[in-house]
Structure formats: C-alpha cells, structure tokens
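In mature numbering (1 follows the signal peptide of the UniProt record, and there is no 0), the protein residues as written are -20 to -1, 1 to 261.
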C-alpha cells in the first residue's frame, strides 16, 4: 500500500470536502487564479513560472470528469528557484491528466480521473532545503499511478542538487549500489518471512525480487535520482535517503521503498563542491 504521508492525507480530505460542496459550481483553480492567469490562457494551463513568481498556491479543481488536488508547503516560497521547480512538476502532472481527459472525447469516465499531489518540506536549513512530492494520478484501471519525487535545493548556491553532480564517479555509484541492493534484499526477505507461504514460495518470491532489485539499483546515477538528505543535530548531512517508487525495485504492492545510506559510505565519492555539507567531512 502506498504511503503518501500526512500531507497527502490532508489533501485527500480537502478534495473530498470540495466534491461534497461543489454542487453545480464550475471547476475552480488555485485561489486568486483569476487575477493571475492571462486572459487568453485556457483553464488549468497557467504558466508554471508565473505561478511560482506569484507564490505557490494550493489547488482544488473539481468537475464531473476530473478532480485535481495539489498542496504546497508555504516555506517553499522563500526560495523562488525551488518554487518554480515544484510548480513545473505539478503543472506537468496536471497537463498529463487533462490530456487523458481530452482523449475521452464525449465519453464520461466511470469514475472521475484524479490527480492528488502533496509537496512537503522535509529539510529546511540555511544550507540545504528538501521537498518531498508524493501522490498519484488516476486515469482508469485498477489503481492510480504513483507520483514520487524529491527536490534538494541549496540556498547559498541558489541551485538544485542532483545526484549526477553529487557523485560523479562510477566507483561511487558502485559503492552506493552495493549498499542499497543489500538493504533492499534484506527488506524483501523480512516481508517474505512475514507472509503465510511455504519455504519454497518464499524462496521463489525473494528470487524474483532480487532480480528487480538488481536492475532497479544498478550502479547508474539515474536509478538514484530521487533522494533526500537526512540531517544530524548540527545541520549537516548524516545520510542520504534514496527513494524508489513502486515498480522500480519491487511490485506495486510493496509501495515506495527507501534506503538510508550513511554519510561514511557516500563521502569518499562526493564531489568537492559538496563535501562540506556532510557530517565527517
């Protein structure tokens, strides 16, 4: 089962309330959108940069065909570059949903298509700011598609921190891959042992998961693109929490998985520009 956190739960409640009270009202965009959206812009197509410059605003948009709920942390507005990245991510997800709605033509979905997306501030220090995005988009089928992303902003440098810039050597990713792969396999074995299966069935499940883990955590930067720092009491990075959406290293039923890699494992391979951010540097 996916775990979208308290922010996503609150967002779902807000969407439900909006649905209950919308009656015959027309779909609503972000609060104050009428004053900020150009007259020739179609509903739901406000430019991401304009939205970020005006300040991130929560979105509740309901129609008989779709529901959109997006929430932002107010503190992100203190960092315009970060705010712009969040707005662009949300707008892309919203555009994809509206595209799927358009493709219905005159048909009406059996259940409204839905986008639920919550951004939460998980780190907020003078040196490092991190935001977690969790949610899902539903366009038919048995369940929605998960949305999982992380944004790490460096206020002093005024730029986003990417894994490609953080660790730029194949040896570094080999070390991270080995550590993460071992931890994910341990977690898979614990889950298998907790289920009512025969030893043979457990072995088969672990064997299948080990193949997914090996592929999804192979030593390539792209496999570790979603990460957030874990800070110590002194405000330095004590570990990197790598985040793996459903399907990357396990089936949908396993949900989003994470592994914390200690600074001691990563630090030998961290680029010089970022070493001072880490504990033990």
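The beta-carbon is built from N, C-alpha and C at its ideal position, and this holds for glycine as well.
The model shown is predicted, which means the values in this text are computed figures rather than measured ones.
Asked                                                                                                                                                                                              : Found
Can you tell me which of the three DSSP states residue 176 falls into?                                                                                                                             : coil
Heavy atom of the ligand MN less than 7 Å from the Cβ of residue 128, yes or no?                                                                                                                   : With respect to the ligand MN, the structure offers nothing, as it holds no ligand at all.
Between which two residues does the beta strand (DSSP E) containing residue 221 stretch?                                                                                                           : 217 to 224
Taking 8 Å as the threshold (C-beta atoms), are residue 106 and residue 59 in contact?                                                                                                             : no
I think residue 69 touches residue 129, with their Cβ atoms under 8 Å apart; what is that distance to the nearest whole Å?                                                                         : 6 Å
Please go through the same chain and pick out, in chain order, the residues whose beta-carbon is closer than 8 Å to the beta-carbon of residue 242, but skip the five residues on each side of it. : 218, 219
For a quick check, are the C-beta atoms of residue 149 and residue 249 less than 8 Å apart?                                                                                                        : yes
What's the C-alpha gap between residue 226 and residue 115?                                                                                                                                        : 12 Å
Count the other C-beta atoms from every protein chain shown that fall within 10 angstroms of the C-beta of residue 4, then say buried if there are 16 or more, exposed otherwise.                  : Interpretation of residue 4 is limited by its pLDDT of 34, a score under 50 that renders its predicted location unreliable; no figure is taken from the coordinates.
On a Cα-Cα basis, can you pick out the residue from 41, 215, 237, 95 that is closest to residue 119?                                                                                               : 95
Taking contact to mean 3 or more Cβ pairs, one atom from each stretch, closer than 8 Å, check whether the stretch 79 to 97 and the stretch 172 to 191 are in contact.                              : no
Assuming residue 78 and residue 131 form a contact by the criterion Cβ under 8 Å, report the distance between their Cβ atoms to the nearest whole angstrom.                                        : Wrong, their Cβ atoms sit about 23 Å apart, outside the cutoff.
Return yes when the Cβ of residue 147 is within less than 8 Å of the Cβ of residue 223, no when it is not.                                                                                         : no
Residues bridged to residue 126 by DSSP?                                                                                                                                                           : 116
If you follow the alpha helix (DSSP H) that residue 60 is in, where does it begin and where does it stop?                                                                                          : 60 to 82
Is the beta carbon of residue 176 closer than 8 Å to that of residue 117?                                                                                                                          : no
Could you have a look at residue 254 and say whether DSSP puts it in helix, strand or coil?                                                                                                        : helix
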